[in-house]
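Accompanying notes for the structure given below.
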Amino acid sequence: MFKKILIANRGEIACRVIKTARRMGIATVAVYSDADARAPFVQMADEAVHIGPSPASESYLVADKIIAACKATGAEAVHPGYGFLSERTSFAEALAKENIAFIGPPVNAIAAMGDKIESKKLAKEAGVNVVPGFVGEIRDTEHAVEISNEIGYPVMMKASAGGGGKGMRLAYDEKDVREGFEATKREGLNSFGDDRVFIEKFILNPRHIEIQILGDQHGNILYLNERECSIQRRHQKVVEEAPSPFVTPKMRQAMGEQCVALARAVGYYSAGTVELIVSGADPTGESFYFLEMNTRLQVEHPVTEAITGIDLVEQMIRVAAGEKLEMTQDDIKIDGWAIENRVYAEDPYRGFLPSTGRLVRYRTPVPAWTGDERGVDGVRVDAGVEEGGEVSIFYDPMIAKLVTWGKTRDEAADLQVAALDRFEIEGLGHNIDFVSAIMQHPRFRSGELTTGFIAEEYPEGFHGADTSEDVTQALAAIAGFMASAEADRARRTDGQLGDRLDPPAKWQVTIGGASHKVKIGRKHIKVDGEKVDIALEYTPGDRLVVAEIDDSELAVKVAKTRTGWRMTTRGRIHDVRVLPWHVAPLASHMIEKIPPDLSKFLICPMPGLLVALHVGEGDKVEAGQPLATVEAMKMENILRAEKAGVVKSVNAAQGDSLAVDAVILEME
1 MFKKILIANR
11 GEIACRVIKT
21 ARRMGIATVA
31 VYSDADARAP
41 FVQMADEAVH
51 IGPSPASESY
61 LVADKIIAAC
71 KATGAEAVHP
81 GYGFLSERTS
91 FAEALAKENI
101 AFIGPPVNAI
111 AAMGDKIESK
121 KLAKEAGVNV
131 VPGFVGEIRD
141 TEHAVEISNE
151 IGYPVMMKAS
161 AGGGGKGMRL
171 AYDEKDVREG
181 FEATKREGLN
191 SFGDDRVFIE
201 KFILNPRHIE
211 IQILGDQHGN
221 ILYLNERECS
231 IQRRHQKVVE
241 EAPSPFVTPK
251 MRQAMGEQCV
261 ALARAVGYYS
271 AGTVELIVSG
281 ADPTGESFYF
291 LEMNTRLQVE
301 HPVTEAITGI
311 DLVEQMIRVA
321 AGEKLEMTQD
331 DIKIDGWAIE
341 NRVYAEDPYR
351 GFLPSTGRLV
361 RYRTPVPAWT
371 GDERGVDGVR
381 VDAGVEEGGE
391 VSIFYDPMIA
401 KLVTWGKTRD
411 EAADLQVAAL
421 DRFEIEGLGH
431 NIDFVSAIMQ
441 HPRFRSGELT
451 TGFIAEEYPE
461 GFHGADTSED
471 VTQALAAIAG
481 FMASAEADRA
491 RRTDGQLGDR
501 LDPPAKWQVT
511 IGGASHKVKI
521 GRKHIKVDGE
531 KVDIALEYTP
541 GDRLVVAEID
551 DSELAVKVAK
561 TRTGWRMTTR
571 GRIHDVRVLP
581 WHVAPLASHM
591 IEKIPPDLSK
601 FLICPMPGLL
611 VALHVGEGDK
621 VEAGQPLATV
631 EAMKMENILR
641 AEKAGVVKSV
651 NAAQGDSLAV
661 DAVILEME
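The sequence shown lines up with residues 1 to 668 when you count with the UniProt record's numbering.
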């Protein structure tokens with residue numbers, strides 16, 4: 001077994017590998033860029049080596065720097081995590097030349113399966129169903145249009161070396177191909193150093209199901225069941241679960257055996273994942289097609305660990321050291337249900353725009369994961385951040401992964417909702433409300449999932465989860481109780497004129513435009529005359545209130561505002577106004593502030609790089625016309641005109657780094 005390994009990665013996955021290695025008695029080495037100098041994974045490792053500036057192209061993607069760090073520290077092996085160099089054959093070959101073990105599959109398997117075009121050819125030769133498409137070299141945009149017309153719309157354009165949702169464009173017609181082909185090439189080149197693109201038929205109502213593979217260097221290959229990853233946004237997975245509510249035992253065996261055969265054809269060992277696209281319209285489950293094989297650990301691997309009890313990182317290390325797998329296919333069982341939500345630094349209320357910045361406050365529902373595959377009481381948090389740290393523009397915007405395990409799917413989903421309510425994140429936007437809304441959504445609970453779930457269920461964007469009458473009533477009671485507590489503290493302030501008065505006990509609480517009368521008694525709270533069975537504690541200044549209601553808990557994040565509170569729970573933000581009964585009637589006389597008209601400005605919606613400016617001063621534009629392209633988190637975002645007009649002035653130039661809300665241009 002290795003005595004020391006180096007983790008050629010950062011953030012959450014670096015912390016994850018370090019914890020398993022530590023449990024195995026293996027020393028660890030971290031490598032870090034300027035942006036990560038104070039990151040938790042750097043402090044956690046036994047040794048740390050600085051490898052360059054913040055951009056990944058100058059640090060984490062430079063193989064020579066990582067190999068030099070191995071030599072300087074005496075690391076015998078490298079775990080690449082996911083992303084960065086994890087699927088680069090040149091990196092694995094360079095390590096082999098230096099007699100440093102690669103904790104991953106053999107080079108030939110990475111080469112065969114890591115390239116989307118070549119892997120599809122190989123899968124086809126092996127008799128595996130593949131999606132209809134063009135896997136040759138595409139010369140230019142006109143050639144891409146010709147191919148797309150032959151295949152039939154809609155089609156998907158993908159960067160050959162792509163992954164993680166980057167370098168992908170869906171085209172419903174020729175116009176989309178013309179607009180998206182060059183952008184797909186650029187994203188592939190910028191993110192992966194490869195601008196080749198392939199085009200395939202896009203299957204409507206598809207489910208994204210993947211099979212976890214694990215093999216050793218002695219010819220043993222197993223499948224560790226499936227994961228359902230259909231809920232995606234911009235082809236980036238948001239929710240993953242294991243097992244899939246769609247897959248039957250017969251289907252699981254057919255998929256698993258086919259994926260094992262494919263892995264065996266390339267002499268695969270270590271952990272890997274075969275991704276399949278499955279027609280949700282076919283109840284037989286026989287309509288599944290090979291998409292690609294990820295020759296690395298997946299972000300969502302914890303859900304497989306939770307239902308099998310197998311530490312995949314440990315198995316990768318043991319396999320790389322030459323050990324045989326100790327389990328057989330018959331040993332692989334399914335125990336319970338696990339769901340993972342990715343907590344991202346993005347604002348779902350503003351079209352999911354990236355939201356970088358400092359974590360002013362960061363509290364998790366349970367302590368960070370320490371080794372139990374199911375966490376604490378079925379709740380597991382895998383993260384690589386800490387309070388006071390920064391989510392940088394240079395890397396993926398994931399803050400944490402929340403994994404819950406239950407005996408049933410509903411139990412795991414209920415745990416997700418409760419745990420998400422206890423997350424406290426301040427300083428930047430995040431998607432906690434959004435994933436909580438998904439967990440509560442009737443369609444999610446039914447298991448009727450497709451990759452179009454988010455687009456179909458939130459066509460006008462996300463505005464918060466629906467709130468039940470019971471939750472509204474509880475929020476009104478909590479708001480009234482907090483108002484009384486605040487007033488009670490205020491009346492005890494020293495130096496006030498007159499006698500101390502009892503704090504108000506009658507409040508008007510307005511939530512979502514509807515007003516409720518709340519009366520605080522000595523032993524009870526009434527909302528609109530109805531007694532509410534609720535128990536809670538609140539001290540002015542608390543940011544999280546946990547109320548017990550009818551033998552269940554409701555956790556509410558609270559932030560004081562001028563006239564009440566901003567209360568967040570169950571996937572929705574509520575701006576709550578609280579006024580004493582004798583003051584409330586006067587509120588109707590307040591003048592409403594009208595926000596300024598900003599429609600004539602093109603405002604940058606996120607921090608990013610202006611990679612293209614499509615118009616100039618004096619140009620006439622039509623509604624929907626592309627005006628500028630901003631790159632953020634390695635994704636290109638086209639900003640379009642909301643209405644027709646003439647460009648009055650341009651305030652930014654191509655290549656400028658823009659802050660959020662920066663004015664790019666003004667229209668007349």
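Here a beta-carbon is modelled for each residue, glycine too, at the ideal position from N, C-alpha and C.
Pick from the options: whose alpha carbon is nearest that of residue i?
| i | options | result |
| --- | --- | --- |
| Ile650 | Lys600, Asn637 and Glu631 | According to the sequence provided, residue 650 is Val. The question's Ile does not apply to it. Closest option to Val650, Cα to Cα, is Lys600. |
| Leu170 | Met255, Ser148 and Ala161 | Ser148 |
| Thr184 | Gly152, Asp216, Asn225 and Asp140 | Asp140 |
| Ser33 | Met255, Lys407 and Pro53 | Pro53 |
| Ala465 | Ile478, Val343 and Ile432 | Ile432 |
| Arg543 | Ala479, Val532, His524 and Ile511 | Ala479 |
| Val660 | Leu610, Val379 and Glu666 | Leu610 |
| Ile393 | Ser657, Trp565 and Leu325 | Ser657 |
| Asn220 | Glu666, Lys120 and Ala261 | Ala261 |
| Trp581 | Gly608, Val615, Lys523 and Pro503 | Pro503 |
| Ile117 | Ser160, Ser446, Ile317 and Leu613 | Ser160 |
| Leu602 | Ala641, Pro80 and Ser287 | Ala641 |
| Phe587 | Ile67, His208 and Arg577 | A small correction: the amino acid at residue 587 is Ala; Phe does not occupy that position in the sequence shown. Checking every option, the nearest Cα to that of Ala587 belongs to Arg577. |
| Thr563 | Leu579, Val266 and Ala94 | Leu579 |
| His430 | Ala63, Thr561, Val239 and Arg342 | Arg342 |
| Asp311 | Glu617, Ala653 and Ala21 | Ala21 |
| Ala455 | Glu292, Pro348, Glu631 and Lys634 | Pro348 |
| Lys8 | Ala39, Phe84 and Ala37 | Strictly speaking, residue 8 in this sequence is Ala, with Lys absent from that position. Per the Cα distances, Phe84. |
| Leu449 | Phe462, Asp575, Ile277 and Gly616 | Ile277 |
| Ala320 | Gly114, Pro80, Gly162 and Gly357 | Pro80 |
| Phe91 | Gly74, Met113 and Lys65 | Lys65 |
| Glu226 | Phe288, Ile573 and Val78 | Phe288 |
| Gly280 | Pro626, Leu204 and Arg492 | Leu204 |
| Leu639 | Ala632, Ala628, Gly616 and Met633 | Ala628 |
| Ala111 | Ala265, Val646 and Val238 | Ala265 |
Excluding sequence positions up to five away, which residues of its chain have a Cβ less than 8 Å from the Cβ of residue i?
| i | result |
| --- | --- |
| Thr569 | Asp421, Val471, Leu475, Leu554, Ala555, Val556 and Lys557 |
| Ala368 | Cys15, Val381, Asp382 and Ala383 |
| Ala48 | Val29, Ala30, Val31, Tyr32 and Val42 |
| Gly322 | Gln217 |
| Ile525 | Ala477, Gly480, Phe481, Val518, Lys519, Lys531, Val532 and Ile534 |
| Val417 | Ser436, Met439, Gln440, Arg570 and Gly571 |
| Glu228 | Arg207, His208, Ile209, Glu240, Glu241, Ala242, Pro243, Ser244, Pro245, Phe246, Val247 and Leu449 |
| Val130 | Lys120, Ala123, Lys124, Tyr289 and Phe290 |
| Val78 | Ile5, Leu6, Ile7, Ala8, Ile66, Cys70, Leu95, Ile100, Ala101, Phe102 and Ile103 |
Enumerate in chain order the residues of its own chain whose CB-to-CB distance from residue i is below 7 Å, with the five nearest sequence positions on each side excluded.
| i | result |
| --- | --- |
| Tyr538 | Phe481, Met482, Ala485 and Val545 |
| Val155 | Ser148, Ala171, Ile199, Glu200, Lys201 and Phe202 |
| Glu182 | Thr141 |
| Val527 | Gln473, Ala476, Ala477, His516 and Val518 |
| Pro55 | Phe394 |
| Phe444 | Ile438 |
State the CB to CB distance for the pair residue i and residue j, rounded to an integer number of angstroms; the pair is presumed to be in contact (CB under 8 Å).
| i | j | result |
| --- | --- | --- |
| Lys519 | Gln508 | With 8 Å as the limit, Lys519 and Gln508 do not qualify as a contact, their Cβ atoms being about 11 Å apart. |
| Glu87 | Arg296 | 6 Å |
| Leu6 | Val42 | Going by Cβ atoms, the distance from Leu6 to Val42 rounds to 13 Å, so no, they are not a contact pair. |
| Gly378 | Thr404 | 6 Å |
| Gly127 | Met157 | Rounded, the Cβ-Cβ distance is 27 Å, inconsistent with contact. |
| Ile67 | Ala45 | Ile67 to Ala45, Cβ: 17 Å. No contact. |
| Ile511 | Phe2 | Not confirmed; about 57 Å, so no contact. |
Taking only beta-carbon atoms, is residue i less than 8 Å away from chain C?
| i | result |
| --- | --- |
| Gly464 | Any reference to chain C falls outside this structure, which holds one protein chain only. |
If you drop the 5 nearest sequence neighbours on each side, which residues of the same chain put their C-beta closer than 6 Å to that of residue i?
| i | result |
| --- | --- |
| Arg196 | Ser160 |
| Ala144 | Ile138, Val177 and Phe181 |
message = With a threshold of 8 Å, are at least 3 pairs of Cβ atoms found where one atom belongs to the region 187-196 and the other to the region 148-167?
response = yes
inquiry  = Could you check whether the region 248-259 touches the region 94-107, counting it as contact only if at least three pairs of C-beta atoms, one from each stretch, sit closer than 8 Å?
reply    = no
inquiry  = Counting beta carbon pairs with one atom in the region 342-354 and one in the region 132-145, are three or more of them shorter than 8 Å?
reply    = no
task = May I ask you to verify whether the region 338-351 touches the region 287-306, counting CB pairs closer than 8 Å and requiring at least 3?
result = yes
query = Curious, which full-length beta strand (DSSP E) runs of at least 3 residues does the region 406-430 contain?
reply = 424-426
key: Continuous beta strand (DSSP E) assignments of at least 3 residues falling wholly in the UniProt domain "Lipoyl-binding" (589-668)   = 601-603, 608-613, 626-632, 635-640, 645-650 and 663-667
request  = Mind the definition here: the region 206-214 touches the region 264-271 only if three or more C-beta pairs lie below 8 Å; say whether that holds.
outcome  = yes
request  = Inspect the CB distances between the region 320-334 and the region 395-408 and report whether three or more fall short of 8 Å.
outcome  = no
3 or more residues per run - each beta strand (DSSP E) lying fully within the region 450-503 = none
request  = Give, in chain order, every unbroken run of the alpha helix (DSSP H) that is at least 4 residues long and sits entirely within the region 247-303.
outcome  = 249-265
task = Identify every run of the alpha helix (DSSP H) within the region 94-161, keeping only runs that are complete inside it and at least 4 residues long; order them along the chain.
result = 107-114, 116-125 and 141-151
request  = Entirely within the region 164-212 and at least 3 residues each: give me those beta strand (DSSP E) ranges in chain order.
outcome  = 166-171 and 197-201
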